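So the structure is just underneath, and the comments pick up after that.
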Amino acid sequence: MPLPDKREFLYKILVIGELGAGKTSIIKRYVHQFFSPHYRATIGVDFALKVINWDQETIIRLQLWDIAGQERFGNMTRVYYKEAVGAFIVFDVTRAATFDAVLKWKQDLDAKVTLPDGNSIPCVLLANKCDQPKEGIANNQNKIDEFVKENNFSGWFETSAKDNINIDDAAKMLVQKILENDKVQANGNSRPTSEPMFSLSKDQDTKSRKNCAC
Amino acid sequence: MSEPEEIAQEVDEDAGQISGDYQLDNMSAFLKYMFEWKCFYDADYFEEILKNSLHGELRASSFRSVCWQILLKIFTYPDRKKENIIAEDALENVPNSSECPEETPNDEEQKSCVEEWSEHITQCRREYELLKESLELDPTLSLVDNPLSQNTESVWYKHFCDTELKTVIRQDVVRTFPTLDFFRNNEHIQQLMVAILFCYARKYPHMCYRQGMHEILAPIIFVLHCDHQALLHALEVSSVDEHLTTILNEQYLEHDAFTIFCKVMSSIENYYLINDSTPTSSGYFPPNPKTSLSCITDNHVVSQLYYINEHILKPADPALHAQLYNLKIPLTLFGIRWLRLLFGREFSLQDLLVLWDFIFAESFELVNYVVVAMLVAIRDQILSSDHIECLSYLMRYPPGIDVNSIIEHALHLKYPHLYPEYEPSPSPDPAHPCK
Numbered sequence: 240m241p242l243p244d245k246r247e248f249l250y251k252i253l254v255i256g257e258l259g260a261g262k263t264s265i266i267k268r269y270v271h272q273f274f275s276p277h278y279r280a281t282i283g284v285d286f287a288l289k290v291i292n293w294d295q296e297t298i299i300r301l302q303l304w305d306i307a308g309q310e311r312f313g314n315m316t317r318v319y320y321k322e323a324v325g326a327f328i329v330f331d332v333t334r335a336a337t338f339d340a341v342l343k344w345k346q347d348l349d350a351k352v353t354l355p356d357g358n359s360i361p362c363v364l365l366a367n368k369c370d371q372p373k374e375g376i377a378n379n380q381n382k383i384d385e386f387v388k389e390n391n392f393s394g395w396f397e398t399s400a401k402d403n404i405n406i407d408d409a410a411k412m413l414v415q416k417i418l419e420n421d422k423v424q425a426n427g428n429s430r431p432t433s434e435p436m437f438s439l440s441k442d443q444d445t446k447s448r449k450n451c452a453c
Numbered sequence: 039m040s041e042p043e044e045i046a047q048e049v050d051e052d053a054g055q056i057s058g059d060y061q062l063d064n065m066s067a068f069l070k071y072m073f074e075w076k077c078f079y080d081a082d083y084f085e086e087i088l089k090n091s092l093h094g095e096l097r098a099s100s101f102r103s104v105c106w107q108i109l110l111k112i113f114t115y116p117d118r119k120k121e122n123i124i125a126e127d128a129l130e131n132v133p134n135s136s137e138c139p140e141e142t143p144n145d146e147e148q149k150s151c152v153e154e155w156s157e158h159i160t161q162c163r164r165e166y167e168l169l170k171e172s173l174e175l176d177p178t179l180s181l182v183d184n185p186l187s188q189n190t191e192s193v194w195y196k197h198f199c200d201t202e203l204k205t206v207i208r209q210d211v212v213r214t215f216p217t218l219d220f221f222r223n224n225e226h227i228q229q230l231m232v233a234i235l236f237c238y239a240r241k242y243p244h245m246c247y248r249q250g251m252h253e254i255l256a257p258i259i260f261v262l263h264c265d266h267q268a269l270l271h272a273l274e275v276s277s278v279d280e281h282l283t284t285i286l287n288e289q290y291l292e293h294d295a296f297t298i299f300c301k302v303m304s305s306i307e308n309y310y311l312i313n314d315s316t317p318t319s320s321g322y323f324p325p326n327p328k329t330s331l332s333c334i335t336d337n338h339v340v341s342q343l344y345y346i347n348e349h350i351l352k353p354a355d356p357a358l359h360a361q362l363y364n365l366k367i368p369l370t371l372f373g374i375r376w377l378r379l380l381f382g383r384e385f386s387l388q389d390l391l392v393l394w395d396f397i398f399a400e401s402f403e404l405v406n407y408v409v410v411a412m413l414v415a416i417r418d419q420i421l422s423s424d425h426i427e428c429l430s431y432l433m434r435y436p437p438g439i440d441v442n443s444i445i446e447h448a449l450h451l452k453y454p455h456l457y458p459e460y461e462p463s464p465s466p467d468p469a470h471p472c473k
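In structure tokens, the structure reads:
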């Protein structure tokens, strides 16, 4: 439990992109500081938790939702995206086709989840597997800069889950954006900043225990 | 029950050259092996297979792939009365001791079914060969075509689509059961899986390849492989009858896995369908699917999970249903994976095979009851969890849950009158005399 004067936030973050782009590997690297080339393909959705001591007063719990590459095609993403406040879109620099799909993921995301004020949720683009030879646009940083600006990404990073490059920095940027949004939302709605975006109420917990028939 | 001498006598007819040079344990393993094989010749054995499958007792079988082909109706016995078995089994409640043939039955009848199977499997293998051949394109042989052609009938165009689809498939195949060397470091098996999934995608274009199918295929290959190995061990001791070597032939691992895979997929393809969108021939879905206009519940798998939640879970365990509702955890979050992989990530491979024995034996409708039994098996954890803990339990189903009790509970949920005595932790089943 956090100290009484500590603020605690819980944020749901999506990790999306084409199949085999390395979404699961990025999450495992970020959460467990570990890489293996042998993760199973994600089917449907998976999730992981990461706790960050953001600063002296703030603890942030990230719920990272790892969504299978093929799931964009069903309406299921609507269920998976629910209540998300940030996203990573991942592509594989060694396969140009995975970059071509980035925009489709972004559109799917913006169509299905928004902030309470109607704005799109912050989204950071990850050019993953940067330890390997690149193909296509991944070779041209200026072009990616342009693409990111044009399509309303918060920013982009070259990452490698294998060599642990830039993943923490990318997460920091996304969380920063989320915190900023949270402040704006809170001011707008006159909600105290110390309240998490959505809370897992303890009342609910005890109430359901009473329901238990055992 | 047959005495060892009687078994030996039966076996002796086939294994004429037993000389006593072999080690005793090898011999007794061989005799056991041949005794089990002989059982298949008797049509009554079907009831035994069914019973064993329903109670997690195919675990020790050396012929699980044959049993699966029987249960999936690839191999058939004349005149089965499957429906009665479940009822009988439950009502008797006492292990039946006389299901195995004690003596060699009438020759003509006995040969016919196994012989038919070996003819049928040969036919299936030939069909697969033909399918595979028909899909092998060599665009360089085409005189009228060129690689830049965008005509969808162009050989070159098809060739590029094929290559792309195989890349998509391979990406998942190399990640199959990464903790098992049999899959992980086995280029031969991986190539074989790509070939099967590719042929399936082309034979059933509305299905094409979808993520997860590779993990339906993998256990099938594994079971066939184990049976092939058991036969090879037996052959080290002595020769066996020709139908056995026809039916379990290592060389046709790919062919037979394809046949079984197609059969399983035909029962679970609904779990994979996404509204009415069909992937392109290179394994991708259309860029702008019409699905955005349609409702989520148009998805079969989603409505099935809704049905399970409202019509099986709710009456069976209202408190559990209420808890999931209060925590806002829809079954779809984890259930889609449970169904698409037929619980492949929730159990160890050995336990998974036992669960599949059970599902194949009865009907795929049992899957619904397995989902509920699995939820009830961890109800204490779910009821005492908050949102995140609960999601963690469901997304990473706790290891070590007894698969046999899941099976017993699922049977009870489906047939409460026939299987009234489900207890959360059942005592071990009395040994079946026929094992």
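Chains as they are written, first to last, in the working numbering: chain A, 240 to 453; chain B, 39 to 473.
The beta-carbon is built from N, C-alpha and C at its ideal position, and this holds for glycine as well.
The model shown is predicted, which means the values in this text are computed figures rather than measured ones.
Exercise for the section: Kindly indicate the opening and closing residues of the alpha helix (DSSP H) around residue 211 of chain B. Expected result: Per DSSP, residue 211 of chain B belongs to the alpha helix (DSSP H) from 193–211.
Handout entry: Straight-line gap, residue 437 of chain B to residue 385 of chain B (C-alpha atoms, nearest Å)
Key = In this structure, the alpha-carbon of residue 437 of chain B lies about 7 Å from that of residue 385 of chain B.
Practice task
Show which residues of chain A have a CB atom less than 9 Å away from the CB atom of residue 367 of chain B.
Solution key: At a beta-carbon threshold of 9 Å, none of the residues of chain A lie near residue 367 of chain B; the nearest stands roughly 11 Å away.
Handout entry: Continuous beta strand (DSSP E) stretch holding residue 301 of chain A: start and end
Key = Start and end: 297–306.
Practice task
Using a Cβ cut-off of 7 Å (strictly closer), state whether residue 216 of chain B contacts chain A.
Solution key: The beta carbon of residue 216 of chain B sits closer than 7 Å to some beta carbon of chain A.
Practice task
Using a Cβ-Cβ cut-off of 7 Å, state whether residue 209 of chain B counts as contacting chain A.
Solution key: Yes, residue 209 of chain B counts as interfacial toward chain A.
Handout entry: CB of residue 341 of chain A within 7 Å of CB of residue 328 of chain A, strictly
Key = At a Cβ-Cβ threshold of 7 Å, residue 341 of chain A and residue 328 of chain A count as neighbours.
Practice task
Spatial neighbours of residue 319 of chain A within its chain, please: CB distance less than 8 Å, with the 5 preceding and 5 following residues excluded, ordered by chain position.
Solution key: So the qualifying residues of the chain are 253, 284, 304, 306 and 310.
Practice task
Name the one or two DSSP bridge partners that residue 99 of chain B has.
Solution key: Looking at the DSSP output, residue 99 of chain B sits in no beta bridge, so it has no partner there.
Exercise for the section: Please confirm if residue 250 of chain B has its CB atom under 7 Å from at least one CB of chain D. Expected result: Absent here is chain D; the protein component of the structure consists of chains A and B.
Practice task
State yes or no: is the beta carbon of residue 291 of chain A nearer than 7 Å to at least one beta carbon in chain B?
Solution key: Cβ-Cβ to chain B under 7 Å: no for residue 291 of chain A.
Exercise for the section: Count the other CB atoms, across all protein chains shown, that sit within 10 Å of the CB of residue 207 of chain B; report buried if there are 16 or more and exposed otherwise. Expected result: Residue 207 of chain B counts as buried, since no fewer than 16 other beta carbons sit within 10 angstroms of its beta carbon.
Handout entry: Contact set between the stretch 438–453 of chain B and chain A, restricted to residues whose Cβ is under 7 Å from the partner
Key = Cβ contacts with chain A: none found.
Practice task
Select from B:176, B:185 and B:450 the residue whose C-alpha is nearest the C-alpha of residue 354 of chain B.
Solution key: For the residues B:176, B:185 and B:450, the minimum Cα distance to residue 354 of chain B belongs to B:450.
Problem - Within-7 Å CB hit, residue 283 of chain A to chain B - result: So yes, residue 283 of chain A belongs to the interface.
Handout entry: Cβ of residue 433 of chain B within 7 Å of any chain A Cβ
Key = Yes - at least one Cβ of chain A is within 7 Å of the one on residue 433 of chain B.
Problem - Status (buried if at least 16 other CB within 10 Å, exposed otherwise) for residue 473 of chain B - result: Because the pLDDT at residue 473 of chain B is just 31, under 50, the model does not fix this residue reliably, and the value given afterwards should be weighed accordingly. By the 10 Å Cβ count, residue 473 of chain B comes out exposed.
Exercise for the section: Starting from residue 246 of chain A, find everything on chain B with Cβ-Cβ shorter than 7 Å and list it in chain order. Expected result: Those within 7 Å of residue 246 of chain A in chain B number zero; the least Cβ separation is about 18 Å.
Handout entry: Beta-carbon neighbours of residue 286 of chain A, restricted to chain B and to distances below 7 Å
Key = Within 7 Å Cβ-Cβ: 429 and 433.
Practice task
Locate the beta strand (DSSP E) running through residue 250 of chain A, then write down its first and last residues.
Solution key: DSSP places residue 250 of chain A inside the beta strand (DSSP E), whose first and last residues are 246–256.
Problem - Contact list for residue 337 of chain B against chain A, beta-carbon separation under 9 Å - result: Neighbourhood of residue 337 of chain B in chain A, by CB distance below 9 Å: 313, 314 and 315, in chain order.
Exercise for the section: Give the range of the alpha helix (DSSP H) segment to which residue 221 of chain B is assigned. Expected result: 219–222 is the span of the alpha helix (DSSP H), which, as asked, contains residue 221 of chain B.
Practice task
Return no unless some Cβ of chain A is closer than 7 Å to the Cβ of residue 312 of chain B.
Solution key: Chain A, which has a Cβ nearer than 7 Å to the Cβ of residue 312 of chain B, makes this yes.
Handout entry: Within-7 Å CB hit, residue 370 of chain B to chain A
Key = Closer than 7 Å to some Cβ of chain A, the Cβ of residue 370 of chain B qualifies, so yes.
Exercise for the section: Please go through the same chain and pick out, in chain order, the residues whose beta-carbon is closer than 8 Å to the beta-carbon of residue 305 of chain B, but skip the five residues on each side of it. Expected result: 402.
Handout entry: Where the beta strand (DSSP E) containing residue 272 of chain B begins and where it ends
Key = From DSSP, residue 272 of chain B is part of no beta strand (DSSP E) but of the alpha helix (DSSP H) over 251–275.
Practice task
For residue 391 of chain B, go through chain A and note every residue whose CB falls closer than 7 Å to its CB, in chain order.
Solution key: Chain A residues near residue 391 of chain B: none, gap ~18 Å exceeds 7 Å.
Handout entry: Beta-carbon proximity check, residue 332 of chain A vs residue 364 of chain A, cutoff 7 Å
Key = With contacts defined as CB atoms closer than 7 Å, residue 332 of chain A and residue 364 of chain A fail to qualify as a contacting pair.
Exercise for the section: With a floor of 4 residues, list each alpha helix (DSSP H) that falls wholly inside the stretch 403–472 of chain B, ordered by position along the chain. Expected result: The stretch 403–472 of chain B is shown to contain whole alpha helix (DSSP H) runs of 4 or more residues at 404–415, 417–421, 425–433 and 441–452, in chain order.
Exercise for the section: Could you work out which residues of chain A lie near residue 259 of chain B, taking near to mean beta carbons separated by less than 8 Å? Expected result: Per Cβ cutoff of 8 Å: no residues; residue 259 of chain B is ~16 Å from chain A at best.
Handout entry: Interface residues of chain A facing residue 379 of chain B [CB-CB closer than 8 Å]
Key = Correct list: 282.
Problem - CB-CB length for residue 261 of chain A against residue 345 of chain A, believed under 8 Å - result: Contact between residue 261 of chain A and residue 345 of chain A does not hold, since the beta-carbon distance rounds to 18 Å and is not under 8 Å.
Problem - Three-state secondary structure assigned by DSSP to residue 288 of chain A - result: Correct three-state label for residue 288 of chain A: strand.
Handout entry: Contact with chain A by residue 375 of chain B, beta-carbon distance below 7 Å
Key = Yes, its Cβ sits closer than 7 Å to a Cβ of chain A.
Handout entry: Validate contact between the stretch 234–242 of chain B and the stretch 353–367 of chain B using beta carbons, cut 8 Å, 3 pairs
Key = No, the stretch 234–242 of chain B is not in contact with the stretch 353–367 of chain B.
Practice task
State the Cα-Cα distance for the pair residue 288 of chain A and residue 339 of chain A, rounded to the nearest angstrom.
Solution key: Straight-line Cα distance between these residues: approximately 29 Å.
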